[in-house]
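Some notes on the structure that comes next.
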Amino acid sequence: AQTVTQSQPEMSVQEAETVTLSCTYDTSESDYYLFWYKQPPSRQMILVIRQEAYKQQNATENRFSVNFQKAAKSFSLKISDSQLGDAAMYFCAYRSRDNYGQNFVFGPGTRLSVLP
Amino acid sequence: DAGITQSPRHKVTETGTPVTLRCHQTENHRYMYWYRQDPGHGLRLIHYSYGVKDTDKGEVSDGYSVSRSKTEDFLLTLESATSSQTSVYFCAISGPRTARSEQYFGPGTRLTVT
Numbered sequence: 550a551q552t553v554t555q556s557q558p559e560m561s562v563q564e565a566e567t568v569t570l571s572c573t574y575d576t577s578e579s580d581y582y583l584f585w586y587k588q589p590p591s592r593q594m595i596l597v598i599r600q601e602a603y604k605q606q607n608a609t610e611n612r613f614s615v616n617f618q619k620a621a622k623s624f625s626l627k628i629s630d631s632q633l634g635d636a637a638m639y640f641c642a643y644r645s646r647d648n649y650g651q652n653f654v655f656g657p658g659t660r661l662s663v664l665p
Numbered sequence: 198d199a200g201i202t203q204s205p206r207h208k209v210t211e212t213g214t215p216v217t218l219r220c221h222q223t224e225n226h227r228y229m230y231w232y233r234q235d236p237g238h239g240l241r242l243i244h245y246s247y248g249v250k251d252t253d254k255g256e257v258s259d260g261y262s263v264s265r266s267k268t269e270d271f272l273l274t275l276e277s278a279t280s281s282q283t284s285v286y287f288c289a290i291s292g293p294r295t296a297r298s299e300q301y302f303g304p305g306t307r308l309t310v311t
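Chains as they are written, first to last, in our numbering: chain V, 550 to 665; chain Y, 198 to 311.
Written as structure tokens, this is what we have:
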């Protein structure tokens with residue numbers, strides 16, 4: 550079974566600075582998706598960024614980018630120019646490419662604080 | 198935002214009572230999921246559905262049952278609630294027409310079992 554690990558339970562960053570959240574995963578599959586979700590205090594789960602494993606190019610969405618290292622099974626999220634609204638829980642998630650069912654696995658989350 | 202609602206949004210119940218949570222979608226997506234969120238565990242899959250009347254168990258299905266009688270509704274039932282089922286419950290949807298392959302989540306239901 551696949552597992553997702555986020556080794557940083559909590560992190561903090563100064564406003565306008567850059568922070569990187571770590572995620573590693575374990576799988577025997579070669580084709581899959583990886584995601585970062587943000588959960589602000591409102592509790593709503595919001596998709597931040599998505600990476601397809603067959604793509605070598607790292608995904609970017611405005612201030613958010615990933616460092617996808619397939620061989621190392623690492624998928625870190627970089628937030629540039631951090632803003633107060635970035636404060637949230639961040640979850641890394643894995644999904645098998647062809648299975649829409651139960652193979653959607655989440656990590657335990659990293660709580661990010663943004664200091665003014 | 199994807200059209201997903203959950204009801205109730207908050208519920209307090211006593212140990213041993215039955216509880217049903219409802220998830221309703223307006224997106225006509227095929228797949229629906231129930232997760233529970235607990236500190237240190239992220240989201241864990243309880244049950245999922247891949248069509249009307251088609252459901253299967255997830256990682257933490259013990260003590261829970263589900264039903265899906267129509268595409269838009271997915272019900273999660275705790276037959277006899279226990280304190281260990283105090284959690285935040287999320288419904289999610291996805292489907293072949295979800296171009297980016299992600300899951301869309303409802304707003305969550307906070308359930309407290311006393």
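Glycine included, each C-beta is placed from N, C-alpha and C at the ideal position.
query, result
"What is the C-beta distance between residue 583/V and residue 613/V, in whole angstroms, given that I count them as a contact (C-beta under 8 angstroms)?", "In fact, because the Cβ distance is near 13 angstroms, the residues do not count as touching under 8 angstroms."
"Can you list, in chain order, the residues of its chain with a C-beta nearer than 8 angstroms to that of residue 381/Y? Leave out the 5 residues immediately preceding and following it.", "A question about residue 381/Y goes unanswered here, because the residues of chain Y that appear run from 198 up to 311."
"Assuming contact is defined by CB atoms lying nearer than 8 angstroms, are residue 287/Y and residue 594/V in contact in what I supplied?", "yes"
"Quick one: using the 10 Å Cβ neighbour count with 16 as the cut-off for buried, is residue 620/V buried or exposed?", "exposed"
"What in chain Y is Cβ-close to residue 560/V, meaning under 7 angstroms?", "Going along chain Y, no residue has its Cβ under 7 angstroms from residue 560/V, so there is no contact; the nearest lies around 16 angstroms."
"List, in chain order, every chain V residue whose beta-carbon is nearer than 7 angstroms to that of residue 213/Y.", "By Cβ distance, chain V contributes nothing, its closest Cβ being about 27 angstroms from residue 213/Y, past 7 angstroms."
"Are the Cβ atoms of residue 304/Y and residue 592/V separated by less than 8 angstroms?", "yes"
"According to the neighbour-count rule (16 or more other Cβ atoms, all chains shown, within 10 Å of its Cβ), is residue 253/Y buried or exposed?", "exposed"
"Where does residue 291/Y sit, in a helix, a strand or coil, going by DSSP?", "strand"
"So residue 640/V and residue 239/Y are in contact, right, with Cβ under 8 angstroms, and what is the actual spacing, rounded?", "6 angstroms"
"Would you check if the distance between the CB atom of residue 566/V and the CB atom of residue 631/V is smaller than 8 angstroms?", "yes"
"In chain Y, which residues lie with their C-beta within 7 angstroms of the C-beta of residue 574/V?", "Per Cβ cutoff of 7 angstroms: no residues; residue 574/V is ~12 angstroms from chain Y at best."
"For residue 248/Y, does the three-state DSSP call read helix, strand or coil?", "strand"
"Sort 262/Y, 298/Y, 232/Y, 292/Y by Cα distance to residue 307/Y and report the nearest one.", "232/Y"
"Of all Cβ atoms in chain A, is any one closer than 8 angstroms to the Cβ of residue 238/Y?", "This model lacks chain A altogether, as its protein chains are V and Y."
"Please report the Cβ distance between residue 291/Y and residue 228/Y, rounded to the nearest whole angstrom; I am assuming they are in contact, meaning their Cβ atoms lie under 8 angstroms.", "5 angstroms"
"In whole angstroms, give me the CA-to-CA distance for residue 659/V and residue 261/Y.", "28 angstroms"
"Using the beta-carbon of each residue, which ones in chain Y are nearer than 7 angstroms to residue 596/V?", "299"
"If residue 638/V sits next to residue 588/V, beta carbons under 8 angstroms apart, how far is it from one beta carbon to the other, in whole angstroms?", "4 angstroms"
"Between which two residues does the beta strand (DSSP E) harbouring residue 573/V extend?", "573-575"
"Counting C-beta neighbours from all protein chains within 10 Å, is the total for residue 284/Y 16 or more, i.e. buried, or is it exposed?", "buried"
"By the 10 Å Cβ neighbour count, where 16 or more other Cβ atoms means buried, how is residue 234/Y classified, buried or exposed?", "buried"
"Using a threshold of 8 angstroms, state whether the C-beta atoms of residue 661/V and residue 553/V are closer than that.", "no"
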